[in-house]
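Okay, so here's the structure we're looking at.
Residue numbers (this note's numbering): 194 to 428.
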C-alpha cells in the first residue's frame with residue numbers, strides 16, 4: 194500500500210539511510226563441510242528481504258533561490274552574475290527546469306543561486322507550470338524576488354509582489370517566511386525605478402534593490418548584498 198511516509202531526507206554530504214532491510218542469509222555448503230564429507234551438497238535457503246516501491250525526489254541545494262513571474266528576467270540575471278547559461282527568450286516560461294549558477298565575487302568568495310521557472314497567479318491550482326519546482330528552493334536560506342519594473346507605479350508593483358508571496362504561502366507557509374530581498378529589474382529602461390524602490394521599501398518593510406540584467410547596472414551591488422546575507426556556508 195502507498196503510505197506516503199517520508200523515510201529519509203538526505204540534505205548533507207555523507208548522510209545515509211536504510212531504505213529496506215535485506216533478508217537473513219542462508220547457510221552455504223561450506224557450513225556443512227566435515228572431515229568425512231569434504232564436498233557437501235547441503236545448504237539452507239535464506240529469508241527474503243523487504244520489498245518497497247520508493248519515490249525518489251531531487252531537491253537542489255543552493256544558498257539563494259531566485260523567484261519571479263515569467264519574463265521578469267531571472268534567466269538573464271543568472272547569466273549575468275554566473276557562468277550558468279539558461280535559455281533566454283522574450284516569451285513566458287522559457288525556463289522549464291531549475292538552473293544552478295555559482296556567483297563568484299571580487300572578494301574571492303562564492304555562493305550558489307537556483308533559478309526556477311516563473312510563477313503566475315493560480316500556480317497552486319496548476320496554472321502555468323504550477324508549484325512543481327518550488328521544492329527546489331525550500332532549502333534556500335535566502336530568496337530573491339525579481340520583479341519586472343519596466344511599467345507600473347508602486348501600487349502595481351506591490352500587487353505583483355503580493356501575488357507571488359500569496360502563491361508561496363499556498364505552497365508552504367514556512368517558505369513564505371524566509372528572508373527575502375525584492376529586486377526591481379530593468380532600471381535601464383526606467384530611471385525613476387530607484388525612487389519607486391524607496392517607496393516600496395518603506396511600504397513593505399522589506400529591502401528593495403534595483404538593477405538591470407541587460408546593462409549590468411546594479412549587479413555588483415546586488416552580488417555584494419547577497420554575499421552579506423547568505424549564511425556562513427556560502428564559500
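From the three backbone atoms N, C-alpha and C, an ideal C-beta is built for every residue, glycine too.
Distance CB(residue i)-CB(residue j) smaller than 8 Å
i, j, result
"residue 339", "residue 259", "yes"
"residue 375", "residue 386", "no"
"residue 377", "residue 273", "no"
"residue 257", "residue 419", "yes"
Residue interval of the alpha helix (DSSP H) (run including residue i)
i, result
"residue 268", "267-274"
Residue range of the beta strand (DSSP E) that includes residue i
i, result
"residue 303", "303-308"
"residue 423", "Unbroken run through residue 423: none, as it is neither H nor E."
"residue 220", "Unbroken run through residue 220: none, as it is neither H nor E."
"residue 294", "292-297"
"residue 260", "257-261"
Rounded C-alpha distance that separates residue i from residue j
i, j, result
"residue 203", "residue 359", "29 Å"
"residue 309", "residue 292", "7 Å"
"residue 195", "residue 328", "21 Å"
"residue 352", "residue 346", "10 Å"
"residue 157", "residue 344", "Since the first residue shown for the chain is 194 and the last is 428, residue 157 is missing from the structure and cannot be characterised."
"residue 311", "residue 206", "29 Å"
"residue 334", "residue 298", "19 Å"
"residue 240", "residue 216", "5 Å"
"residue 336", "residue 369", "9 Å"
"residue 229", "residue 245", "44 Å"
"residue 214", "residue 199", "16 Å"
"residue 288", "residue 407", "Annotation note: pLDDT 46 at residue 288 (below 50); position unreliable, coordinate value reported separately. Answer to the nearest angstrom: the Cα atoms are 18 Å apart."
"residue 208", "residue 247", "18 Å"
"residue 249", "residue 197", "12 Å"
"residue 356", "residue 243", "46 Å"
"residue 381", "residue 395", "23 Å"
"residue 295", "residue 307", "9 Å"
"residue 354", "residue 201", "34 Å"
"residue 431", "residue 421", "This structure gives no information on residue 431, because the portion of the chain shown stretches from 194 to 428."
Going along the chain, which unbroken runs of the beta strand (DSSP E) with 3 or more residues stay wholly within the segment 367-420? Unbroken beta strand (DSSP E) runs of no fewer than 3 residues, entirely contained in the segment 367-420, are found at 372-378, 401-404, following chain order.
In chain order, each beta strand (DSSP E) run of at least 3 residues that lies wholly inside the segment 320-352: Taking 3 residues as the shortest admissible run, the segment 320-352 contains the following complete beta strand (DSSP E) segments, listed from N- to C-terminal end: 335-341.
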